[in-house]
Every structure is written in structure tokens, then in C-alpha cells.
Amino acid sequence: MILRRPVLYLTLITAALFIYLPLRTNDVSLREDLILIAISIILASNLNLMIGYTGYVNFGHIVFYGLGGYVGLYLTTVRHWNLYTAALAAGIAVSIFALVLGLGILRLRGAYFALATIGILQAVQSFVANFDPFGRSTGMYLSFENYAPLGGAMSALWKTYYLLIGVMALSMILSLGVKISKFGLGLFAIREDEDAAVVLGVNTTTAKAIVYSLSAFLPAIAGTLMFYKNGMIDPSIAFEFIASLEGIVMLMLGGKGTVVGAALGGGMYEKLRSYLLTSPRLSNFHLVIAGGLLLLVILFAPGGLIGWLYSLVPRSRKVIE
Amino acid sequence: MSVLLEAKGVTKRFGGLLAVSDVSFTLNEGEILGLIGPNGAGKTTLFNIINGVYGNDGGTFTFAGKDITNWPPNKLVHAGLARTFQVVKPLNEMTVLDNATVGACFGKDYESLNAARQTALKVLEQVHMAEKANVLAKHLTIAFKKRLEVARALAAKPKLLLLDEVLAGLNPTEVAKMLELIRAVRDSGVSIIMIEHLMHAVMNVSDRVMVLNFGIKIAEGKPDEVVQDPAVIEAYLGSADIADKLRES
Chain A
-2 MILRRPVLYL TLITAALFIY LPLRTNDVSL REDLILIAIS IILASNLNLM IGYTGYVNFG
58 HIVFYGLGGY VGLYLTTVRH WNLYTAALAA GIAVSIFALV LGLGILRLRG AYFALATIGI
118 LQAVQSFVAN FDPFGRSTGM YLSFENYAPL GGAMSALWKT YYLLIGVMAL SMILSLGVKI
178 SKFGLGLFAI REDEDAAVVL GVNTTTAKAI VYSLSAFLPA IAGTLMFYKN GMIDPSIAFE
238 FIASLEGIVM LMLGGKGTVV GAALGGGMYE KLRSYLLTSP RLSNFHLVIA GGLLLLVILF
298 APGGLIGWLY SLVPRSRKVI E
Chain B
37 MSVLLEAKGV TKRFGGLLAV SDVSFTLNEG EILGLIGPNG AGKTTLFNII NGVYGNDGGT
97 FTFAGKDITN WPPNKLVHAG LARTFQVVKP LNEMTVLDNA TVGACFGKDY ESLNAARQTA
157 LKVLEQVHMA EKANVLAKHL TIAFKKRLEV ARALAAKPKL LLLDEVLAGL NPTEVAKMLE
217 LIRAVRDSGV SIIMIEHLMH AVMNVSDRVM VLNFGIKIAE GKPDEVVQDP AVIEAYLGSA
277 DIADKLRES
């Protein structure tokens, strides 16, 4: 039962704090900080379903976020849908796209799958950059009128913020739900030994395609919300390869395969990144640090922070999932 | 006794190599069939065809009255056909209990997670591994890893169990324990086909023995008949003395 899991309550408390803190002080810069952390947690948590649970390294995870942003912005600006329906539609559309794609590329294993995901990222970016309805390489912009249905730009910022925190909480709950389910057990079997999993009765083709599609849903919704909030989207910011890599760093840092690890890694990495980016001496140095960090984690603590905690306090395994 | 598995004209080619050639056999319910033959004779290949890892290049399988030719492995498990691997494939970063739970969850009855946990515990009890339930599979010794293979397969509640060299690499005490387990499993109503090189073990537990050489079935029958067969002596046992010793033991 998910209701008996401490991590569920940890998630809800975190989400409540994320909403309460900037609201109480009306601190807009805190809100913007927390938005970036929330996005990182959403991306890392959903990437965890693939890398941490299923053992398939996806280098192109950001494609779901970017495509979600494009579909959502297209629906709100060109088709004049309201934000909520547009975000949901983007989530569903991108999930279906991932399902179809997944049934094809998930026949590949190991390094070949990882290479294919890089190819997909490049292919989607090139396609969008030449696709008229999505504004080709200049992308799409929102005008102030587009925020009118949400009560003006100021109120729209807060509303998208709440929604993003909601998506963040859902991402963690989804991770937890999958982890403690029979479906999740099948995924773990695939991660450990796919040949054994098949012979034990797991329908690996279907399970892999479903989890790939599932890992696309919430990032796509987050993409719509985030780019709607930012007021613009273009192919280079929507499909940033670096962002995909950073997702992997977050996951390794926190501890792949764990709900708390993915979230913690996402939060910590984002804090570190914004500190480095804004510090005058270290600006543009953050990728060097990210690379170094990844190397250190893989060499000395392959289980990340949470894996390290497990080895120190084995009983924590039961509480912190 | 009714027929559980019937194979007709099973054939497998790897490029120009005929790995299994026109092999036919039947397995009755509650029977243990030993499968022996020199290395490279096609024993494991035959297993891989039966449980769907390889496609069948000719020939058919009927299992419990159903035509199962070229079914994928996961579908066969639901039909009641489980196997172990010669080279063990434990789910390393998972506990022994979780390993067995996977078997029960996705096995014949497609059990819910809670029911599967119970089944897994029972099976671990049966293979005398209950005290290892919370150990990570990667930390087990080879003897326990082999037993875990059996436990995982049993958790699927199969009607037919394919055992691929579960005795290899075990010491004499462990072999005796494993044979005891195999008999107990058979007595609980599971039919078994076992590949084995340990001749005295095969002679001991098998109801019938089938011998493969270069992918061709060269003999089949009661264990003490098969070891006297000149073709088997020439291809596998090496000398008539060994056959005599085996018969006496």
C-alpha cells in the first residue's frame, strides 16, 4: 500500500513547503529558484523510471520536455485552448509518440539504445526547426493576451508555479507507485538480466515500451507549463543536449533507482548549478564541475548519495525508497 | 499416464550447422526425463527451442494438448513451462525473496504481488533457502545460486520444469541435497526434463533417458538399457566398463 510509505508523506510535505514558502513572503526570486528545482526533480524522477528502474540509459529524455512545450504552446497560442487542457493534451500526445517510438527502438540494448536516443533528440530538433506550424527555427512566442484567461501575466505566473509543484509531487508519487508495484518488479528484473526476465515470464517488450511512454508524460506537461511561463520556445532551448546529460548527472548524484535519490540529486544539482552560474569567477564552469562530479560518483559511490546512505545504515533501505 | 509434452521433428540450424536435427520425443506427466550427450550435442539448444528462446526451424511442440510451437518464452511460462539456466542468471541487485517473487508474479497464475510473496516464501522453504530470503542474490555461493534458479522456476508453479545442469559445480553433499529436491518436486506433480553430465545422478533419478549426439537422437529408454547401447557407449560413455559400473551402482 502506497499510503503506508513514508516517502509519500515526505513528498507531500516537500510540495506543501514549496508552495507555502514563496507565497508567505511573496518572494518572487525564491519562487523562480524553486521552479528550477522543481523542473530538475521532475526530469530526474521520470528519467529514473528508465535508467534507475529498467536499466536503459536514455540520453534524449529532454526531447519529451521540449516536445511537450511545443505541443502545449501550439495549442494555447494557435488553437487558443486553455492551459490546463493544452498541458494534458501535450502529455498524452508525447506519451503516445514515445510508446510508438519505444516499441521500435527498445529492441536495441545497452550502448545501441543509448546511441539511438541521441539520434532521436537530434532528429526531433531538426524536424521542429523546419516545421512551419511550430515556427521553424525562430520558435513561438506568447503575447500578454495569451495570459488573459488565467487572469493576467502576474496571476498566470503563480498558477503555473502551483501546477509545476503539483507535477513535481506527481512525478515522485509515480516513481514510488511504480517502485512498489508488480509492474516495477518486472522492470527491476529487466534491469538485472533481461534474458532471465523473459524466461521468468515478464513481457519485456510491452513493459519497456510502457515505461518509456510513462517517463514521457509528466515531463511533457512540465514542458508546456514552463515554456508557457517563460513566454517563448525555440528548438535550441527546447532540445538542449546538455540538459539531457545534466539529468543523468542528477540521477547518479542522488542515487539511481530510488525515489528520494532522484529528487535529492535534482534539487542539489540545480542549487549547485545556479550558484556556479551566478558566481562571477566560476560562471561557465558548471559543466566542468558536473563532469567531475559524475566521475567521482561513478568511481567512488556508484549508488549515489542514497546508495551511500544504504551502505552506512542498511535499515534505511526500508524507509527511504 | 497422459502425455504432457510431445515434440515432433524438432530442428534448429545456425547457419550451416545443424544443431538439432529432427528430434522427436514425448514426456509423460509426472516423469523425469534425463537428457545426456557429449558437449555440443545440442542439449541446451533443444531446451532453448522448447522454451521459446530460439525459434523452431521445423517440427512442432504440443504441450498439455496445446500447440505451443514458436511461442515466446513469457507466454510459455503462463502455460506452465519453467526452466533454469546452465550459466546461472540471478537478478543480482535484488534479494533472494524478490528473485523468487518475480517467478511467482509472472508465472503460470500471474499472481498479485502479495500472493506472489507468499508463494515465494513457501518455495524458498521448500528449497531450504528461507534463511537467505533477504540476502542480495549476488552474495550467494554458486550452490545457492543454482538452488535459487530452481526456486525461481518453481515459484512459477510449472507443470513442466526444464533443469539445465543444476548439479554441475556442486560438491557431493550438495548434489545429494539437490537430487532429493528434484525428487520431491516430481512427487509434487511436476514433470521434469533434466540435462546432466553427472551419470550416476541421471541414472538415479530419471525414469527415462534420451541421448543426443551431433544434434541427433541416438538412443532413448530406461536408464540401464541406454547405458548398454553400443551407440551411447561409443559417443558418450567411452567404454563398456563404465556402463557396467553405472548399472551396478
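Chains as they are written, first to last, in the working numbering: chain A, -2 to 318; chain B, 37 to 285. Cβ coordinates follow ideal geometry from the N, Cα and C atoms, glycine included.
Every unbroken stretch of the beta strand (DSSP E) spanning 3 or more residues and falling wholly within the segment 224 to 251 of chain B is given here in chain order: 227 to 231 and 244 to 249. At a Cβ-Cβ threshold of 9 Å, residue 248 of chain B and residue 82 of chain B count as neighbours.
Cα atoms of residue 173 of chain A and residue 262 of chain A: separation of roughly 16 Å, rounded to the nearest angstrom. According to DSSP, residue 119 of chain B shares a beta bridge with B/198.
Against chain A, a Cβ distance below 9 Å from residue 127 of chain B picks out 185, 186, 188, 189, 190, 193, 194 and 197. Listed in chain order, the non-local C-beta contacts of residue 181 of chain B below 6 Å within the same chain comprise 124 and 126, local neighbours out to five positions each way being set aside.
The alpha carbon of residue 40 of chain A has as its nearest neighbour, out of A/164, A/300 and A/204, the alpha carbon of A/164. Per the DSSP secondary-structure output, residue 257 of chain B pairs in a beta bridge with B/245. If you check each beta-carbon in the segment 154 to 179 of chain A against every beta-carbon of chain B, the ones closer than 9 Å belong to 177, 178 and 179. Between residue 204 of chain A and residue 218 of chain A, the gap from beta carbon to beta carbon reaches 9 Å or more. DSSP places residue 136 of chain B inside the alpha helix (DSSP H), whose first and last residues are 132 to 141. Between the alpha carbons of residue 92 of chain A and residue 183 of chain B lies a distance of about 41 Å. Of all residues in the segment 131 to 153 of chain B, the ones placed with a Cβ closer than 9 Å to any Cβ belonging to chain A are 134, 135, 137, 138, 139, 141, 142, 143, 144, 146, 147, 148, 149 and 152, in chain order. The residue among B/272, B/232, B/245 and B/58 with its C-alpha nearest the C-alpha of residue 94 of chain B is B/58. About 18 Å separates the CB atoms of residue 72 of chain A and residue 95 of chain A; that is not less than 8 Å, and the two are not in contact. Straight across, the Cα-Cα distance linking residue 144 of chain B with residue 91 of chain B is about 22 Å. The beta-carbon of residue 279 of chain B is placed no less than 9 Å from the nearest beta-carbon of chain A. For chain A, the residues of the segment 181 to 206 of chain B that bring a beta carbon within less than 7 Å of one of its beta carbons are 188 and 192, in chain order. Taking C-beta atoms as the reference points, residue 301 of chain A and residue 249 of chain A count as a pair closer than 9 Å. Residue pairing for residue 49 of chain B: DSSP places it in a beta bridge opposite B/54. By the criterion of a C-beta distance shorter than 6 Å, residue 259 of chain A is surrounded in its chain by 41, 42, 45, 248 and 251, once the five residues flanking it on both sides are discounted. Secondary-structure assignment with DSSP links residue 129 of chain B through no beta bridge to anything. Judged by DSSP secondary structure, residue 282 of chain A falls outside any beta strand (DSSP E); it is assigned neither H nor E.
Residue pairing of residue 72 of chain B in beta bridges, as defined by DSSP: B/247. By alpha-carbon distance to residue 114 of chain B, the top candidate from B/141, B/122 and B/163 is B/141.
Interface residue (Cβ-Cβ distance to chain B less than 9 Å): residue 11 of chain A is not classified as such. Setting aside the 5 residues that flank it on each side, residue 317 of chain A is surrounded in the same chain by 257, each with a C-beta closer than 6 Å to its C-beta; the list follows chain order.
Chain-order list of chain B residues neighbouring residue 182 of chain A: 130, 134, 137, 138, 141, 142, 149 and 152, by C-beta distance under 9 Å. Counting only the Cα atoms, residue 126 of chain A lies some 8 Å from residue 135 of chain A. Put simply, the backbone Cα of residue 162 of chain B is about 12 Å away from that of residue 136 of chain B.
Interface residue (Cβ-Cβ distance to chain B less than 9 Å): residue 45 of chain A is not classified as such.
Residue pairing by DSSP places residue 230 of chain A opposite A/137 in a beta bridge. Here DSSP, grouped into helix, strand and coil, assigns residue 191 of chain B to helix.
Secondary structure at residue 163 of chain B: coil, using DSSP grouped into helix, strand and coil. With contacts defined as CB atoms closer than 9 Å, residue 71 of chain B and residue 229 of chain B qualify as a contacting pair.
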